[in-house]
Amino acid sequence: MVRLCFLMNMISPEAVANSKRAWLKILARYKKPDRRRSAVELAITLIPFATLWALSSAAYAYGHWWGLILILPAAGFLVRIFMIQHDCGHGSFFANRTADDWIGRGLGILTLTPYDCWRRAHATHHASAGNLDERGTGDIKTLTVAEYRQMSWRGRLAYRLYRHPLVMFGLGPIWLFIFEQRLPVGMMRGGLTPWVSSMATNAAIAVAAAALVWFVGLEAFLVVHLPIVVLAGSAGIWLFYVQHQFEETEWAKDSEWEFQHAALHGSSYYDLPPVLNWFTGNIGVHHVHHLSAKVPCYRLQEVLRDYPELREIGRVTLLDSLRCVKLALWDESRSKLISFREARMTA
3 MVRLCFLMNM ISPEAVANSK RAWLKILARY KKPDRRRSAV ELAITLIPFA
53 TLWALSSAAY AYGHWWGLIL ILPAAGFLVR IFMIQHDCGH GSFFANRTAD
103 DWIGRGLGIL TLTPYDCWRR AHATHHASAG NLDERGTGDI KTLTVAEYRQ
153 MSWRGRLAYR LYRHPLVMFG LGPIWLFIFE QRLPVGMMRG GLTPWVSSMA
203 TNAAIAVAAA ALVWFVGLEA FLVVHLPIVV LAGSAGIWLF YVQHQFEETE
253 WAKDSEWEFQ HAALHGSSYY DLPPVLNWFT GNIGVHHVHH LSAKVPCYRL
303 QEVLRDYPEL REIGRVTLLD SLRCVKLALW DESRSKLISF REARMTA
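The opening position of the sequence shown corresponds to residue 3 in the working numbering, with each subsequent residue numbered one higher.
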């Protein structure tokens, strides 16, 4: 019945309500992780990352510059490390809160991300994604056409710069991962936990960096590690961008916003090649993830395999995703994201 509702695009309130209840029940079957597999996934991510990092620094030390090409797959493994940290934040990797939290904190040293701060902001994102009245925490700043038109020219310029691809995917990752996350930005008055998370992560990063500099030298450390962090950060922000900033996404005022509908239709299914799915921890199956964040990353493809109709909801291909870059404003009259050019033409 669930598949029939989606395939026939039934819109009666009863059909919609039944389909939502059914999806939540269906996804509950996929929540239980295989802890042995989780341990294996962690090992086959951390060990290759450490190996590639060591080989890259050795290549630099011995003057084999061509060996620095290994920085590219190392960045891919760092993205995967972040995705495992992401699952830990949802308590879905080992389904043991203590284990997930401490593994997440440890991985946060590698990703330069204070785990407890990030987990709090990300929980807010999941609780309010697609809600026009709850924007601002854990998401990419998005203005409506009306809000943009009401801004001063300075405000418009700042927003246009913020949304420019060179800033969003170039300078943005550098600022976010290297500088902004060193303090609990946005949580300064959130109690002791954000400060402990930030400062403890900073201290651990400093110790780890000092140890690596002692082993390979400052120059080799910077030549190898900085590009890995920047490349991985750019890829991470790109993924997060495409997951919600696609043309047919859905936003609604708080009075009309509904969690299940926003999760299923306000998040994309980023249809990536298998190798990229692996490196990104299947995070492209984002609509399913938002419906049930407790489903482990390695089980998201199982959901698509068993319920292929989900592949047609919010599907964005690699080619489609390139077109998403121009989208910048939410047009409430047409219920879609549009570009600055489109907004200007409809003024």
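Idealized CB from N, CA, C, for every residue including glycine.
So, for S59: in the same chain, excluding its five sequence neighbours on each side, which residues have a beta-carbon less than 6 Å away from its beta-carbon? V218, A222 and V226
Would you mind giving the Cβ-Cβ distance between I239 and G174, rounded to the nearest angstrom? I have them listed as a contact below 8 Å. 6 Å
Distance between W197 and D308 (C-alpha atoms, nearest Å): 43 Å
So if DSSP puts Y272 in a beta bridge, which residue, or which two residues, is it bridged to? V318
By the three-class DSSP mapping on this structure, what secondary structure does T139 have? coil
Nearest neighbour of G286, chosen from R82, A206, A210 and K255 [CA to CA]: R82
Should A160 go down as buried or exposed, given a rule of 16 or more other Cβ atoms within 10 Å for buried? exposed
First and last residue of the alpha helix (DSSP H) that includes D308? L302 to D308
Short check: CB of A264 to CB of H92, under 8 Å? no
I need the straight-line Cα distance from T144 to S269, nearest angstrom please. 15 Å
Chain B beta carbons: is any one of them nearer than 8 Å to that of S94? In the structure shown, chain B does not exist; there is a single protein chain.
Taking the alpha carbon of A41 as the reference point, which residue from C90, H66 and A63 has its own alpha carbon closest? C90
With a threshold of 16 other CB atoms inside 10 Å of the CB of S200, please say whether the residue is buried or exposed. buried
Does the beta carbon of A254 fall short of 7 Å from some heavy atom of the ligand FAD? Among the ligands in the structure shown, none appear at all, so the ligand FAD cannot be discussed.
With burial defined as no fewer than 16 other Cβ atoms inside 10 Å of the residue's Cβ, what is the status of M10: buried or exposed? With a pLDDT of only 39 at M10, under the threshold of 50, the placement of this residue in the model should not be trusted; the figure read from the coordinates follows. Exposed is the call here.
Three-state secondary structure (DSSP) at N279? helix
Run through DSSP, which three-state label would V232 get? helix
Would you kindly check if the distance between the Cβ of D118 and the Cβ of A131 is under 8 Å? no
Taking DSSP's pairing of strands, which residues face N133 in a bridge? A254
Spatial neighbours of I105 within its chain, please: C-beta separation below 6 Å, excluding the five flanking residues on both sides. C90
Is it buried or exposed for E43, if we count other Cβ within 10 angstroms and need 16 for buried? buried
One question on the structure: do Y271 and H246 come within less than 8 Å of each other, judged by their Cβ atoms? no
Which residue comes first and which comes last in the alpha helix (DSSP H) that contains W259? Run containing W259: none; DSSP gives neither H nor E here.
Buried or exposed for I13, going by 16 or more other Cβ atoms inside 10 Å? Note on I13: pLDDT 41, under 50, position unreliable in the model; no value is reported.
Looking only at its own chain, which residues have a Cβ that is under 7 Å from the Cβ of L228, when we skip the five neighbours before and after it? none
Rounding to the nearest angstrom, what Cα-Cα distance links A345 and P276 in this structure? 37 Å
Would you check if the region 163-182 and the region 96-103 touch, i.e. whether three or more CB-CB distances between them fall below 8 Å? no
Going by DSSP in three states, I285 sits in which element: helix, strand or coil? coil
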